[in-house]
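Engineer: Have a look at this one before I ask anything.
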Amino acid sequence: MLVIGLTGGIATGKSSVSKLLKAKNVHIVDADLLARAAVLPGTKALRKIVKEFGPEILLEDGGLNRKKLGEIVFNDEAKRKKLNAIVHPAVRWAMFRKIVEHYTSSEKYCVLDVPLLIEGGLWKWVGQVVVVYCSVDIQLQRLMNRDNCTREEALARINAQMPIAEKVAYADYVIDNSGTPQELSAQVDAFVEKLDKEIGSLWWIGYILPFVSLLSAIWMLVTRRFFRKKLSRSLVDKTK
């Protein structure tokens with residue numbers, strides 16, 4: 146089974162692409178939904194968060210007060226790292242379980258919808274990386290319209306993320322969401338059609354001969370690591 150990583154930047158349209166893929170019966174593993182489930186009342190992750198940040202980050206019903214927690218970690222990198230160290234392993238384990246579920250259901254492919262796919266290093270563990278792109282000007286205007294915020298506020302949020310142009314450098318496939326919803330839908334259709342053609346009717350070989358899938362996965366990881374080193378050197382050179 147091919148595992149595809151889908152990512153983008155704030156207001157580039159990743160969620161729209163994810164919805165379009167889901168409408169075409171593509172199986173989506175949504176990291177945001179799993180992150181919310183990972184910190185529901187009674188979970189191990191929530192108990193660790195309370196132990197680390199105190200009971201004041203809880204709502205009256207015992208749920209996580211995300212706004213309060215966000216205020217605590219927003220400008221404190223050390224606390225943000227502690228939070229990520231609690232939540233990220235739980236989310237990754239949940240993602241792994243979902244992937245196994247799709248694999249055992251003999252699916253051809255599934256898509257991991259992960260906002261921080263590149264930043265978190267998960268891109269190295271997927272077969273293909275898909276980046277949803279639009280220009281910074283369009284990104285800025287969409288964010289201002291969507292969240293009713295000022296230009297300065299929108300720019301601050303965009304600049305707090307990895308530049309979308311750098312994410313594109315990691316992509317095996319780029320979906321350019323600079324146009325109309327109809328144009329975006331056409332690009333998603335073309336992407337799914339491309340996937341079906343690439344996988345073809347040979348996808349079942351991996352289920353009949355598991356070692357073929359294993360060798361393919363090992364080769365993918367090795368080439369990804371080589372690509373990462375090469376890309377990192379290239380990005381560093383561009384900043385000099």
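Just remember that my numbering sits 145 ahead of the position in the sequence shown, which is counted from 1. The beta-carbon is built from N, C-alpha and C at its ideal position, and this holds for glycine as well. Note that the structure is a prediction, hence the values are computed from the model and not measured.
In terms of residues, what are the limits of the alpha helix (DSSP H) holding residue 249?
Structural biologist: One-based indexing of the sequence shown puts residue 249 at position 104. Where residue 249 is concerned, the enclosing alpha helix (DSSP H) stretches over 222–249.
Engineer: Could you name each continuous alpha helix (DSSP H) segment of 4 residues or more that falls completely within the segment 247–307, going from the start of the chain to the end?
Structural biologist: Qualifying alpha helix (DSSP H) stretches, in chain order: 281–292, 296–304.
Engineer: Name the DSSP beta bridge partners of residue 148, please?
Structural biologist: Here residue 148 refers to the residue found at position 3 when the sequence shown is read from its first residue. Bridge partners of residue 148: 255.
Engineer: Can you find the residues in the same chain that come closer than 7 Å, C-beta to C-beta, to residue 210, ignoring five residues on each side of it along the sequence?
Structural biologist: Looking up residue 210 in the sequence shown gives position 65. Within the same chain, residue 210 has close Cβ partners 202, 203, 204.
Engineer: Drop a sphere of 10 angstroms on the beta-carbon of residue 251, count the other beta-carbons inside from all chains shown, and report buried for 16 or more, exposed for fewer.
Structural biologist: Locating residue 251 in the sequence shown gives position 106, counting from the first residue. Counting Cβ neighbours within 10 Å, residue 251 comes out exposed, since fewer than 16 surround it.
Engineer: Along the beta strand (DSSP E) that carries residue 320, what are the first and last residues, could you check?
Structural biologist: For this step, residue 320 is matched to residue 175 along the sequence shown. That run of the beta strand (DSSP E) goes 318–321.
Engineer: To the nearest angstrom, report how far apart residue 163 and residue 337 are at their CA atoms.
Structural biologist: Against the sequence shown, residue 163 aligns to sequence position 18. Against the sequence shown, residue 337 aligns to sequence position 192. Each residue's Cα considered, the two are about 12 Å apart.
Engineer: Ends of the beta strand (DSSP E) at residue 177?
Structural biologist: The residue you call residue 177 lines up with position 32 of the sequence shown. Run containing residue 177: none in the beta strand (DSSP E); it sits in the alpha helix (DSSP H), 176–183.
Engineer: Please identify the residue among 242, 167, 273 whose C-alpha is closest to the C-alpha of residue 334.
Structural biologist: The residue given as residue 334 occupies position 189 in the sequence shown. Nearest option by C-alpha distance: 167.
Engineer: Which of the three DSSP states, helix, strand or coil, is assigned to residue 153?
Structural biologist: The residue labelled residue 153 in the question sits at position 8 within the sequence shown. It is a strand residue.
Engineer: What is the DSSP secondary structure of residue 204, reduced to helix, strand or coil?
Structural biologist: Your numbering for residue 204 matches position 59 in the sequence shown. In the structure shown, residue 204 sits in coil (DSSP, three-state: anything other than H, G, I, E or B).
Engineer: List the DSSP bridge partners of residue 173.
Structural biologist: What you label residue 173 is simply residue 28 of the sequence shown in a count that begins at 1. DSSP lists 256 as partners of residue 173.
Engineer: Quick one, which of 318, 222, 342 has its alpha-carbon nearest residue 273's?
Structural biologist: For the purposes of this step, residue 273 is identified with residue 128 of the sequence shown, where counting begins at 1. Minimum Cα distance to residue 273 is reached at 318.
Engineer: Roughly how many angstroms separate the alpha carbons of residue 320 and residue 331, rounded to a whole number?
Structural biologist: As a working mapping, residue 320 is identified with position 175 in the sequence shown. As a working mapping, residue 331 is identified with position 186 in the sequence shown. Roughly 10 Å separates the two Cα atoms.
Engineer: Does residue 136 pass the burial test, meaning 16 or more other C-beta atoms within 10 Å, or should it be called exposed?
Structural biologist: No information on residue 136 is available, as it lies outside the stretch 146 to 385 that the chain covers here.
Engineer: Is residue 317 near the ligand MN, going by C-beta to nearest heavy atom under 8 Å?
Structural biologist: Among the ligands in the structure shown, none appear at all, so the ligand MN cannot be discussed.
Engineer: What residues are listed by DSSP as bridge partners for residue 209?
Structural biologist: For the purposes of this step, residue 209 is identified with residue 64 of the sequence shown, where counting begins at 1. Looking at the DSSP assignment, residue 209 forms a beta bridge with 203.
Engineer: Should residue 207 be labelled buried (16 or more other beta-carbon atoms within 10 Å of its own) or exposed?
Structural biologist: In the sequence shown, residue 207 corresponds to position 62, counting from 1. When all chains shown are included, residue 207 counts as exposed.
Engineer: From the DSSP output, in three-state form, read off residue 190 for me.
Structural biologist: Position 45 of the sequence shown, counted from the start, is the residue given in the question as residue 190. In this structure, residue 190 counts as helix in the three-state DSSP scheme.
Engineer: Out of 246, 169, 196, 281, which one is the CA nearest neighbour of residue 228?
Structural biologist: To locate residue 228, count along the sequence shown from 1; it is residue 83. Checked all of 246, 169, 196, 281; the closest Cα to residue 228 is 196.
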